[in-house]
Structures are given as structure tokens and as C-alpha cells.
Amino acid sequence: MQSTKKYMNLRIRQVNPMKNKAPNQKPAIKKGTMKRLFKLLFHDYPGMLTITIVCIIISSIVGVLPAVYIKTLTTYIIEGLGSDWSSIKGKIITSVTIMIVFYIVGLLATTIFNQLMARVTQGFLHNMRTRMFKTMQNLPIKYFDTNNHGDIMSYYTNDTDTLRQLISQGLPQIFSASLTIVCLLCIMLYYSISLMLVVFFGIFVMFKVTKKVGGNSTRYFIQQQHSLGKVEGYIEEIMNGEKVVKVFCHENAVEQEFDKLNDVLFKDMESANKYGNIFGPIMNNIGNILYVLTAFAGGILICSGKGIPNISFENLVREGSMIAPLSISIVATYLGMTKQFTGTINQVSNQINSIAMAMAGTDRIFELLDQVPEVDDGYVTLVNCKEEHGELVECAKRTGMWAWKHPHSDGSTTFTKVRGDVQLREVDFAYEEGKPVLNNISLYAKPGQKVAFVGATGAGKTTITNLINRFYDIADGKIRYDGININKIKKADLRRSLGIVLQDVNLFTGTVMENIRYGKLDATDEECINAAKLANAHDFITRLPEGYQTMLISNGANLSQGQRQLISIARAAVADPPVMIMDEATSSIDTRTELLVQRGMDALMEGRTVFVIAHRLSTVQNSDAIMVLDHGSIIERGSHDELIKQKGVYYQLYTGTFELE
Numbered sequence: 000m001q002s003t004k005k006y007m008n009l010r011i012r013q014v015n016p017m018k019n020k021a022p023n024q025k026p027a028i029k030k031g032t033m034k035r036l037f038k039l040l041f042h043d044y045p046g047m048l049t050i051t052i053v054c055i056i057i058s059s060i061v062g063v064l065p066a067v068y069i070k071t072l073t074t075y076i077i078e079g080l081g082s083d084w085s086s087i088k089g090k091i092i093t094s095v096t097i098m099i100v101f102y103i104v105g106l107l108a109t110t111i112f113n114q115l116m117a118r119v120t121q122g123f124l125h126n127m128r129t130r131m132f133k134t135m136q137n138l139p140i141k142y143f144d145t146n147n148h149g150d151i152m153s154y155y156t157n158d159t160d161t162l163r164q165l166i167s168q169g170l171p172q173i174f175s176a177s178l179t180i181v182c183l184l185c186i187m188l189y190y191s192i193s194l195m196l197v198v199f200f201g202i203f204v205m206f207k208v209t210k211k212v213g214g215n216s217t218r219y220f221i222q223q224q225h226s227l228g229k230v231e232g233y234i235e236e237i238m239n240g241e242k243v244v245k246v247f248c249h250e251n252a253v254e255q256e257f258d259k260l261n262d263v264l265f266k267d268m269e270s271a272n273k274y275g276n277i278f279g280p281i282m283n284n285i286g287n288i289l290y291v292l293t294a295f296a297g298g299i300l301i302c303s304g305k306g307i308p309n310i311s312f313e314n315l316v317r318e319g320s321m322i323a324p325l326s327i328s329i330v331a332t333y334l335g336m337t338k339q340f341t342g343t344i345n346q347v348s349n350q351i352n353s354i355a356m357a358m359a360g361t362d363r364i365f366e367l368l369d370q371v372p373e374v375d376d377g378y379v380t381l382v383n384c385k386e387e388h389g390e391l392v393e394c395a396k397r398t399g400m401w402a403w404k405h406p407h408s409d410g411s412t413t414f415t416k417v418r419g420d421v422q423l424r425e426v427d428f429a430y431e432e433g434k435p436v437l438n439n440i441s442l443y444a445k446p447g448q449k450v451a452f453v454g455a456t457g458a459g460k461t462t463i464t465n466l467i468n469r470f471y472d473i474a475d476g477k478i479r480y481d482g483i484n485i486n487k488i489k490k491a492d493l494r495r496s497l498g499i500v501l502q503d504v505n506l507f508t509g510t511v512m513e514n515i516r517y518g519k520l521d522a523t524d525e526e527c528i529n530a531a532k533l534a535n536a537h538d539f540i541t542r543l544p545e546g547y548q549t550m551l552i553s554n555g556a557n558l559s560q561g562q563r564q565l566i567s568i569a570r571a572a573v574a575d576p577p578v579m580i581m582d583e584a585t586s587s588i589d590t591r592t593e594l595l596v597q598r599g600m601d602a603l604m605e606g607r608t609v610f611v612i613a614h615r616l617s618t619v620q621n622s623d624a625i626m627v628l629d630h631g632s633i634i635e636r637g638s639h640d641e642l643i644k645q646k647g648v649y650y651q652l653y654t655g656t657f658e659l660e
């Protein structure tokens, strides 16, 4: 129980390093996030967004103008009191008609921009998902080895959804509200500078509240998005390992760990909502107080007559003087505009939660897009070729013969036939600086040789194959493929020349045929079937309900582990690579299936260079060379018989004196 607690505490520190940080230490939204979002929006939809902005401007302006006509109507009504109504009837009807027209125009403009924003939102999210996925495909393997897969998935789900809310609701409301506020302030300033001083006081208070409360809310919403990603990552991890959890009876342990992660998320959400939920009511009450203060100030100005002057641009335009008594119609209009002004601010404040969350999600999406892509400085490519008059000639069609196309600085090109000659010379490597994994590794795999790596977990066997694939680049030394430094070979071409069968089989949703064809997308059905026969997978495939057209889902959950492994081997076989890497390929297969696979692999390996990593020594006895690794160094090398004669570590492993694990 004590060890379980120790593991759980370690796990929590790893997945939630910010747990104990104070609120003011939480990450803030990066500067320029909104600007960058706007640039992308206008890049994708310049025309629609321009029309949308025009519609928002029209909607905001016509939404404010009725307030002006309220003043005019009030003036007409006051003038008509005690007089003949027929003299002002036409003026009132005209003013009301104009107001109705404004409302209709505003309705049409709002409808148009809502429809356009819906199309822009869905289209932009489509483009962003494409950008994210394209970026992800160009990232190095290290990114996926060091980042939680569930957290990566959160970019496509939670963060994308918050971005949708920001584009469809948040941005239009902010823009519309800003225009409305500017228009209202201009009109209010035009009618009465004196009353405007009261409004400016309210704006100052609102600004301070927004900076204080809104800032805290934003910080917590950012952390909420990060915590949500960690929770989803943990759920995904446990779902993938549910069988292991049940086998070792760790249900209570994983529940406790999940509770800790979930509690962190709950506290972040609680803090974010606490600030977000009090923000709206505070702003609403400030607006009500401002309304009362405006009415009070207006009443004083009216009652004082000329005692307290009202400064007005309107009077300057009409009478040539900025000093004039304040009329009831102006106060009534001012009160209406004050209510509209505070209502607009309240509308934005009620969206502060979703806007803050959306900005946090957008920031996370940009973090993914800003990841440094995998660097590839290679210039040597893999091409089909044939021999003519003793020389290699490049071919457009597949010939079964491959060559390395090596361009030179003088404009000439040389072709080197792919033989599968692999050399490692004094290779050093570390995943983390200061923690070496491989030390001075040197080996030579001749064309057609089978080289096996033997050693305990963590000895560096799989790391060597990762370096040959250039999933990682070496720190020191050289790796040569057919005499060419692999750093000069384009990574895609290098990997095309390498067939690999991983211990952890990954099958994709699709038919059995499609999964085999994944090794060579232009392979014919006949080629796929021949590859399956070579891997001894053909017999069991033909017994499936739909044969090669049987659908596989959930990583081939409807197949046994051995069957999944056989399809993986067939997928590598159809690629017909000159070099094969078998990364513990048969460690999860029963003995009978292993014999089938071994016979198929012997045929597949003929004429190829093969690297084999296996925990079952029976699978490597027929290797041309066996490398025994320990803590990143080769401590023994030779054939099976040679190593048995040495009676060293391999001998002890073979006789059972030592164990691999």
C-alpha cells in the first residue's frame, strides 16, 4: 500500500506540476493571441468577414439612432402639450416611421451577419483542425513520447469547441458592443458634457472592476483548460490499460489518482466561475447606480436653471453657444442611452466566462501550431531504378530495384544501389542531456544479414532502431546506410527503405485488406494477398466473416493478439523494403503462431538486412550476429554458437542462469 501511495504522489506531481502555484503564478494568455486569430480569420474568409463587419457596424449604428429620435419625439410631445395636436401629428408619425425603419434595417443586418458568422465559424474550425493535424504529422516522435495523448486530443475537442464559441458569439458581441458604446458616448457627449462627467465616473469604476475581477477569472480559466486536458489524458491512458488495471487489482489506486486530478480541475473551475459569476451582477449594479446618478444629476441641472450651466455641443451647433439650460427631453434621452450603455457592458460581462475560456483554448491551439516541426536536412532520395549498359537509371515505375539518388554541388547526380548495408560507428545517444542511453555503439550489418539485439528492458535495443529510423538523431558518431550518412538521406525516403514491425500493433479502422495495403498504398489486391501468405496470415484471414474485406475497429479488437501481429507483419511485407526491423515482433504470440510467423519471416528476410529484437531467444538463434546489450553498451557479439562457446552473459541467458527482465 505504501508503494502505491508513493507511485500515486509521483504521478500527480508529473501530470499537475502547477497544482500548488498561487493564482498570480498561473499562466496568462500570450500577447498577440487575438491579433493572430484575426489575421487567420481574414486570411481564410476576407470577403465574408468584411460583409459581416459592415453588417455589424450598420446594426450597431441603427441600434443607437432611435435614442436620438426619442429626444425628438419627447420635444414634439412637450411642445404639443396644451396646443393643437394636429400641428405636430405629422412630425410624430415621421419620427416613429424612421425609428421603425431603423429597427427593420438593424434586424436585417443582424440576421445577415449571424448567418455569415455561422458559415465562417464552421469553415474556420475545419481549416484549423486541418492546420493542427498537418502540424501534428510534421512533429518529431519525441513530441508524442513526451506529451500526454489525451491532452493532445483535448486540442481537437475542448479547445476547438471554445474557439467555436469565441468566433460565433464572443468576437461579434465584443465588436458590436464596442461600436455601440462608442456611438452612445459620442451622442451623449454631443447633448451634455456635464452629464457625461457622471458617465465617465461610471466607466472608470467599471474599468477597475473589469481589470481586477475579469483578470482573476481569465487566469483561472486558462488553468482550467490545462487541468481539463490532464484529466482527459489520464482517462485515455487508463482506458487503454484497463485490462492491466484489473489484472493487478489497481481499481482503487487509479480511482484515488483520478479523484486528485479531478479535484484540481474542480477547484480551478470553481475559482474561475466564482470570479466569472460575480462579475456580471457587480457590473449590473454599477450600471443601475450610474442610471440613478445620471437621473439625479439631470434633475439638479434642470432645477437649477442657469445656476449650474449645462455644456452642450448641440447648443453650440444650434445657438452658437455651448452654455444652455438642460431640457427634460435631453435628460430622458440621456437616461435611455445610459441604460443602453450599461446594458451593453453587462451583455459583454455576462460573456466574460466563455470569452476567457475561449481565449485560453485558442492560446493552447496556437501552442500546438507553434511546435517546432521535425527538421529534415536530407537531400539524398530513394528512387526506382534499373540497370542499362551496366549503369543504374532512374525509373518512374516500380521495378523492384531501388537506388539512392545523390545530387552533388556541381550539378551531377550519382546513383547508389540499395543493398541494405548498415553501419553504426561509435554512436552515443541520450534522450535527456546528461543521461546517456547508448555508449560507443559500433556494429556492421552486411546486406542480407540478420542481426539480433538481446538484453534486458532499458538496455537500448529499441533505441538503436529508433536511431536507424531517425526518429531521434544521434549525439555523436555516425550511422551509414549503403555508405551514405543517414543525416544526408531525406527522412521519408529513409523510412520507406525500412520495414518495421512494432511490438505494439497499431491497426486502423478499415478492412483487413486496407490495413495490409497501408504498407504500400498503391499495392494491388494480389500483392496484399501474397504478403499475407508470406506472413502466414492468409489462412486465418480467409476464415474471417468477410475475408479480406472484414472491417477492423478499435485497433483490431475483434482479432486475437497473434492475428493482429500477423497482419502487421503482412503490412511490412507488402512494402518490400531492403531492410526490416522486428521490434519484439513475436513476443506477444503463442508458440504455434510463432512457428507460423517464423517460417513466413524466414522467407521475407531472404536477401534483406534484418534487425531483430526479441525476448525469446529461440527467435534469434538463426541470426548471423547477436549483439548483447547492457546499460547502453554492447558487451558481447557473435553468432549463437560463438556466444554459447564464450559462456558469457548470452550463455547464462540461454541456459536460464540470468533472466532478461
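According to numbering that gives the first Met the number 0, the residues represented by the sequence shown are 0 to 660, in order.
Think of the CB as a built atom: it goes at the ideal place given N, C-alpha and C, for glycine as much as any other residue.
Asked, Found
"Continuous alpha helix (DSSP H) stretch holding valine 330: start and end", "327 to 348"
"Close beta carbons around alanine 21, own chain, < 7 Å, minus the five adjacent residues each side", "With a pLDDT of 37 at alanine 21, under the threshold of 50, the predicted position of this residue should be treated as unreliable, though the coordinate-derived value follows. The answer is none, since no qualifying residue turns up."
"Segment contact flag, the stretch 474 to 490 with the stretch 415 to 428, C-beta cutoff 8 Å, min 3 pairs", "yes"
"Lysine 646 burial status per 10 Å Cβ neighbour count (16 or more: buried)", "exposed"
"Expected contact under 8 Å - CB spacing of leucine 717 and isoleucine 301 to nearest Å", "An answer regarding residue 717 cannot be provided, because it is not within the stretch 0 to 660 covered by the chain."
"Rounded C-alpha distance that separates threonine 159 from alanine 294", "45 Å"
"Sheet register partners of asparagine 439 (DSSP bridge)", "Paired residue(s): none; asparagine 439 is not in a bridge."
"Proximity to methionine 187 [Cα-Cα], best of Ser177, Phe199 and Val230", "Phe199"
"Rounded C-alpha distance that separates tyrosine 219 from phenylalanine 340", "28 Å"
"Presumed contact (8 Å Cβ cut-off) between leucine 64 and serine 153, rounded CB distance", "About 45 Å separates the two Cβ atoms, so there is no contact after all."
"Chain-order list of residues whose beta-carbon lies under 7 Å from that of glycine 606 (same chain, five-residue window excluded)", "Gly447"
"Alpha-carbon to alpha-carbon, tyrosine 189 and threonine 332", "12 Å"
"Alpha carbon of glycine 433 to alpha carbon of lysine 211, nearest angstrom", "45 Å"
"Selection from His148, Ile288, Met321 and Val95 that minimises the alpha carbon distance to isoleucine 192", "Met321"
"Simplified DSSP assignment, three categories, for cysteine 394", "strand"
"Helix, strand or coil at leucine 551 [DSSP, three-state]", "strand"
"Rounded straight-line distance, which links the Cα of aspartate 427 to that of isoleucine 473", "6 Å"
"Beta-carbon gap between phenylalanine 365 and leucine 628 smaller than 8 Å", "no"
"Sub-8 Å separation of methionine 358 and leucine 194 beta-carbons", "no"
"Per-residue DSSP class, three states only, for glutamine 164", "helix"
"Assigned exposure category for serine 411 - 16 Cβ within 10 Å defines buried", "exposed"
"N-terminal and C-terminal residue of the beta strand (DSSP E) that threonine 415 is part of", "412 to 416"
"Histidine 42 - containing alpha helix (DSSP H), residue span", "32 to 43"
"Burial state of lysine 133, where buried means 16 or more other Cβ atoms lie within 10 Å", "exposed"
"Neighbour-count burial assignment, methionine 205, 16 or more Cβ in a 10 Å radius", "buried"
"Secondary structure of valine 661, DSSP reduced to three states", "Only positions 0 to 660 of the chain appear in the structure, and residue 661 is not among them; the question remains open."
"Delimiting residues of the alpha helix (DSSP H) encompassing glycine 149", "148 to 153"
"Length at least 3, wholly inside the stretch 598 to 654: the beta strand (DSSP E) runs in chain order", "608 to 612, 624 to 629 and 632 to 637"
"Expected contact under 8 Å - CB spacing of serine 59 and leucine 170 to nearest Å", "Wrong, their Cβ atoms sit about 14 Å apart, outside the cutoff."
"Residues that threonine 380 bridges to, as DSSP identifies them", "Lys404"
"Status (buried if at least 16 other CB within 10 Å, exposed otherwise) for histidine 537", "buried"
"Close beta carbons around methionine 336, own chain, < 6 Å, minus the five adjacent residues each side", "Ala66, Leu183 and Met187"
"Beta-bridge pairing of aspartate 582 - partner residues as DSSP gives them", "Ile612"
"Residues sharing a beta bridge with isoleucine 310, DSSP", "Ile322"
"Inter-residue Cα distance where the pair is glutamate 235 and phenylalanine 143", "14 Å"
"Endpoints, the beta strand (DSSP E) within which tyrosine 430 is located", "421 to 431"
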